[in-house]
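The structure under discussion appears below in the form of structure tokens.
Protein chains: 4
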Amino acid sequence: MPARNESLRDHACLIVHGPDRPGIVAAVTALITRNQGNIVQLDQYSDDADGGAFFQRVVFHRADLAASMPEIEADIQATLADFGMEWTLTDQSVPKRMAILASTSDHCLLELLWRHRRGELPVTIPMVISNHTNTAEDVRSFGIPFFHVPSQGTDKSAAEAKILELVKDNVDFIVLARYMQIISEDFLETVGVPVINIHHSFLPAFVGAAPYRRAKERGVKLIGATSHYVTKDLDEGPIIEQDVARVNHAMDAAALQAHGAYVERAVLSRAVQWHAEDRVIRHGNQTIVFSDRP
Amino acid sequence: MPARNESLRDHACLIVHGPDRPGIVAAVTALITRNQGNIVQLDQYSDDADGGAFFQRVVFHRADLAASMPEIEADIQATLADFGMEWTLTDQSVPKRMAILASTSDHCLLELLWRHRRGELPVTIPMVISNHTNTAEDVRSFGIPFFHVPSQGTDKSAAEAKILELVKDNVDFIVLARYMQIISEDFLETVGVPVINIHHSFLPAFVGAAPYRRAKERGVKLIGATSHYVTKDLDEGPIIEQDVARVNHAMDAAALQAHGAYVERAVLSRAVQWHAEDRVIRHGNQTIVFSDRP
Amino acid sequence: MPARNESLRDHACLIVHGPDRPGIVAAVTALITRNQGNIVQLDQYSDDADGGAFFQRVVFHRADLAASMPEIEADIQATLADFGMEWTLTDQSVPKRMAILASTSDHCLLELLWRHRRGELPVTIPMVISNHTNTAEDVRSFGIPFFHVPSQGTDKSAAEAKILELVKDNVDFIVLARYMQIISEDFLETVGVPVINIHHSFLPAFVGAAPYRRAKERGVKLIGATSHYVTKDLDEGPIIEQDVARVNHAMDAAALQAHGAYVERAVLSRAVQWHAEDRVIRHGNQTIVFSDRP
Amino acid sequence: MPARNESLRDHACLIVHGPDRPGIVAAVTALITRNQGNIVQLDQYSDDADGGAFFQRVVFHRADLAASMPEIEADIQATLADFGMEWTLTDQSVPKRMAILASTSDHCLLELLWRHRRGELPVTIPMVISNHTNTAEDVRSFGIPFFHVPSQGTDKSAAEAKILELVKDNVDFIVLARYMQIISEDFLETVGVPVINIHHSFLPAFVGAAPYRRAKERGVKLIGATSHYVTKDLDEGPIIEQDVARVNHAMDAAALQAHGAYVERAVLSRAVQWHAEDRVIRHGNQTIVFSDRP
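For the protein sequence lines, the chains are A, B, C and D, in the order given. The numbering of the first sequence is my numbering, which starts it at 351 and goes up by one. The numbering of the second sequence is my numbering, which starts it at 351 and goes up by one. The numbering of the third sequence is my numbering, which starts it at 351 and goes up by one. The numbering of the fourth sequence is my numbering, which starts it at 351 and goes up by one.
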């Protein structure tokens, strides 16, 4: 049983989404109240008041939450069945288990490890997997297991099988922290947990390889980074977070890359935090993000 | 009877604040539902889950709202009395009436008039009052009445009396769009409506006169602007919105002023919009702003 | 003879670019000194110290500049011939003549007129041309001639011929302030002056039509605007300036468009100012911008 | 003899400042040319073309720089004596020696060590000194010596004497990376090298202790950080760099502090980099920063 986050003890997060209908907000809040919950935070959004989709995130405090979860879940199911809504209920004190996949670049990887150590990412990190060994010592200095799974030529299936073996049932989501191998569709289907990537451009600009070089060639005045859920279509998945930095003519592609590293680590960190806090709801190829930022 | 904003017909905004208690969110949402309201947007905030202050803003749609307001208000009063909450209910389709006070600078004034013409500020503007005449023609070209109330020496009371006469019962709030006269405590008490100011610095830095000159002397690398409610203490009122722009050593005080004008007009516009949309709740010398911006 | 900008009287701007060679900076500064010029500002850039391209912008003060221009130009020609450099010398007190082409949207157009009136754009505006008439009154209230040249069906040649007739020999550059007609390659070749456009996306993302709608569909978390020189390839010309604004899931395409208008007007204004101040040097499909901003 | 930065071999940086006079730029560039230097970068600024102060930074390449420094320095002295200018000439391949003083907070400290390891700060770090021991292991994992100098009660003189002993003749500048002890005037005079601090507010707002708590109390909508040279007047020294982050009502003082840490580490890193690259010139209580950033 994982260590609990004591500051979030007895805090639950209920995500509800489905077709919008009058009374849905009231039904959910009444449900929480009759289950002795006290609403701490509530965000909701409807993409069209007249027949659109509805999304709600409610964090509530409920004494003795762990023991009462089954009962609350039964009531949610009974209540929301009427509305045709999908829902998930999570105990906020149970951190999600996150695997990080990395390659030689350390900036995104170390930023995640360091924010985790500061207590800013509500996750556990059971493992870091890399196809290189250069970050092993740093990773282990944070007390986190490091596994080396080398990439071997053009056939990725052996490496992917090895990674699947490591993460199987051990993690709740996977973060590609500048992991420079393309993930196969097979892997995505088999792994069965969300995979979050950081792409080093402001998508949909510069999909694919070498975005900083292409940014230089196009002469853009801003560079960017994009964190998104990985789907079978390269760099096309639902965007969680993006940001940019100003550049100028005097910066060559290497300078763009060095400068962009700071955007990448910030964007990925925010995306990971929001995913870990159940703030992101996928909706088609878009995301609803109930961010904690102004 | 003022022109209604048809896109917001039958939309009400309920603001509730007071001591936080379990069940308050559910009580309010149930109340709206039993009054045939459909919640369109809901924001809430508690500054301390354990005995703090609670703030909620709910926008709901209710067919035939205008006719049913008295009934809904009676129900709100009955419901919230139990919780000791303060509340206001407004019909979102009725624009607030805003007077603008200006001096020679036109950048904040014209920005507000222009955003209003674009339909981005849900207000009517019954009058612009200035102690100078240079903006009269521009103001009237927007179809808005302009009144010249000159400042006369050190005794402001005659000018303030004239302004009070103009705004009395005619406006719901007043905006000082770089109005360069200090408002007396007497005026504030008599006028009885909120007064919003734009100060040309990042408060609390550079309270008082000549902030750009003092910013230059201090050698700051960012300049800012602050919009706040006016209280009897100069530049000390509750802050609604702030922003900054980067500057460097090569900009003299005049360049800072020219550059800062663009920050001022943006900051004041956002503050006015949020106030007009009932997104700002005063709480002591602070504000809760349920902004529509990411 | 156009009105001169008295604050820039006797200020010249020399732009030099060509193959980088040792001693080029010293040669140029010595040249200015022996022509009684005092350097006020100097920017230079070399894209590769070892055989790259060199770019320099020098602003200098020289008493009685207008009379001495021929003599200085002769000396520049003699000096720079040795280095194989291209150059232009302009009298900074002579404002460039700018035509604005617009359609129904007024935000970029009015921002340019308003900044011009504030003295922040060193240009004259001999004409605004629009294929609609809705902005005529606003434009003329600034004391600027307005010409209506309607677009007529799919054959743009008559309208373009009419525009060419108006601008021929009357303007030094043309700004497309959300002008919603595609400019033909013939027009560009015939007009013989730079044409600056504002595109309502962060290029190269969302080239072409309806960028806000496509931004919404892709679920981006930032929207942007790009000002660039127009070339025969749509939205592919050298970028002068770009910027972005944060958006979120709750904004529909119309909200993105309303929000983006503020980015567009700021980006276009900066691009126009920098072009007018000879701060932009085209180099292949890129620009060197010696900006005055930190 | 310290390890040289090979990528900057034979690159010199000449800083010149003093009263502005016609011909100064040409005199300096001619001087560099006749000493076989090729100008790589040149920035200059005059705060008033008519009798103001002049500042110039020139980076030039000169084969066999180390051997020719005395000769170049003699020529600079002879040339600039006529203009009454102060100057410094540095070999850019020789990194400055930087001591870091820290307390318990690790965010600024680790960011500097990590950027240094990436090769982004052109310094050597002969030592980290802290009045606590919690960061010792992290510091040493970067291969950098760590010294513990505890603060002892209200008399700081013993601790300061110990620090002086460590840094004496061993460092070129000192960085206070959230070092929570006030530096005495005696220390500053004795140490004889520049000391750079990071203050956790947007100065001049919230000078002194507990800026995040006071920011919360004042209800500001942005928090900031300021890096400045330390002078005898607390938080009053010349500002090198500042930045801000947006906050809202929902963040308590602890959240502001956690959020602000990311601003602090970025601001301090930029200030340190610019100081190390001789991009900062002190001028009274202001700085001229010839930044490499757009």
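Using N, Cα and C, we set each Cβ at its ideal position, and we do this for glycine too. These numbers come from a predicted model, not from an experiment.
Beta-carbon proximity of residue i to residue j, cut-off 8 angstroms
| i | j | result |
| --- | --- | --- |
| His609/A | Ile590/A | no |
| Leu618/B | Val594/B | no |
| Asp585/A | Leu553/A | yes |
| Ile513/D | Val499/D | yes |
| Asn699/A | Gly569/C | Absent from the structure is residue 699/A, since the part of chain A shown begins at 351 and ends at 644. |
| Phe404/D | Pro369/D | yes |
| Leu516/C | Tyr562/C | no |
| Ser507/A | Asn481/A | no |
| His625/C | Pro544/C | yes |
| Ile546/A | Val613/A | no |
Within chain C, the residues that residue i reaches when beta carbons sit closer than 8 angstroms
| i | result |
| --- | --- |
| Glu470/B | Ala608 |
Cross-chain neighbours of residue i in chain B, by beta carbon under 7 angstroms
| i | result |
| --- | --- |
| Asn388/C | Neighbours of Asn388/C on chain B: none; closest Cβ ~17 angstroms, over 7 angstroms. |
CB contact check: residue i to chain A, cutoff 8 angstroms
| i | result |
| --- | --- |
| Tyr562/C | no |
| Arg620/C | no |
| Thr324/B | Nothing about residue 324/B can be reported from this structure: the residues present for chain B run from 351 to 644 only. |
Closer than 7 angstroms at the beta carbon, the chain A residues around residue i
| i | result |
| --- | --- |
| Ile382/B | Ala376 |
| Ala555/C | Phe552, Pro554 and Ala555 |
Delimiting residues of the beta strand (DSSP E) encompassing residue i
| i | result |
| --- | --- |
| Glu591/D | Ile589 to Arg596 |
| Gly634/B | Neither: Gly634/B is in no beta strand (DSSP E) and is coded neither H nor E. |
| Phe496/B | Phe496 to His498 |
Chain D contact for residue i (CB, 8 angstroms cutoff)
| i | result |
| --- | --- |
| Ser491/C | no |
| Phe404/B | no |
| Pro644/A | yes |
| Val617/A | no |
Below-8 angstroms beta-carbon distance, residue i vs any chain C residue
| i | result |
| --- | --- |
| Val408/B | no |
| Thr637/A | yes |
| Ser443/D | no |
| Ala508/A | no |
| Val630/B | no |
Closer than 7 angstroms: residue i CB and nearest the ligand FAD heavy atom
| i | result |
| --- | --- |
| His609/A | By its list of ligands, the structure shown contains no ligand whatsoever, and the ligand FAD lies outside what it can speak to. |
Residue i at chain E interface by Cβ criterion, 8 angstroms
| i | result |
| --- | --- |
| Leu415/C | The chain labelled as chain E is not found among the protein chains of the depicted structure, namely A, B, C and D. |
Chain-ordered neighbours of residue i on chain D, where CB pairs are closer than 7 angstroms
| i | result |
| --- | --- |
| Pro372/C | Asn388 |
Where residue i meets chain D, residues with beta-carbon distance less than 9 angstroms
| i | result |
| --- | --- |
| Leu430/C | Simply none; closest approach about 15 angstroms. |
| Leu572/B | Phe552, Gly574, Gln592, Asp593 and Val594 |
| Pro588/B | Gly569 |
Listed by chain order, chain D residues near residue i by CB distance under 8 angstroms
| i | result |
| --- | --- |
| Gln394/C | Ile389, Gln391 and Leu392 |
| Leu460/A | Trp464 |
| Val597/A | Pro644 |
Chain-ordered chain B contacts of residue i [CB-CB under 8 angstroms]
| i | result |
| --- | --- |
| Ala600/D | Tyr395 |
Within chain A, the residues that residue i reaches when beta carbons sit closer than 8 angstroms
| i | result |
| --- | --- |
| Ser641/B | Pro644 |
N- and C-terminal bounds of the alpha helix (DSSP H) containing residue i
| i | result |
| --- | --- |
| Ile365/B | Counting along the chain, Ile365/B falls outside any alpha helix (DSSP H), though it belongs to the beta strand (DSSP E) covering His361 to Pro369. |
| Lys295/B | The structure shown has nothing for residue 295/B, since chain B only spans 351 to 644. |
| His457/D | His457 to Arg467 |
Cross-chain neighbours of residue i in chain B, by beta carbon under 9 angstroms
| i | result |
| --- | --- |
| Thr454/A | Residues of chain B passing the Cβ test: none, with the nearest at roughly 34 angstroms. |
Neighbour flag for residue i against chain B, beta carbons, 8 angstroms
| i | result |
| --- | --- |
| Thr504/A | no |
query = Can we say the stretch 432–449 of chain B touches the stretch 395–402 of chain B, given the rule of at least three CB pairs closer than 8 angstroms?
reply = Because the criterion of three Cβ pairs below 8 angstroms is not met, the stretch 432–449 of chain B and the stretch 395–402 of chain B do not touch.
The stretch 454–471 of chain A in contact with the stretch 629–640 of chain A per 3-pair CB rule at 8 angstroms = No, they do not touch.
inquiry  = Does the structure place the stretch 595–607 of chain D close enough to the stretch 596–606 of chain B that three or more beta carbon pairs sit under 8 angstroms?
reply    = Touching, no.
query = With a cut-off of 8 angstroms, do at least 3 Cβ pairs link the stretch 429–438 of chain A to the stretch 410–418 of chain A?
reply = They do not touch, by the three-pair rule.
request  = Mind the definition here: the stretch 370–388 of chain B touches the stretch 373–382 of chain A only if three or more C-beta pairs lie below 8 angstroms; say whether that holds.
outcome  = Judged by Cβ distances under 8 angstroms, the stretch 370–388 of chain B makes contact with the stretch 373–382 of chain A, as three or more pairs qualify.
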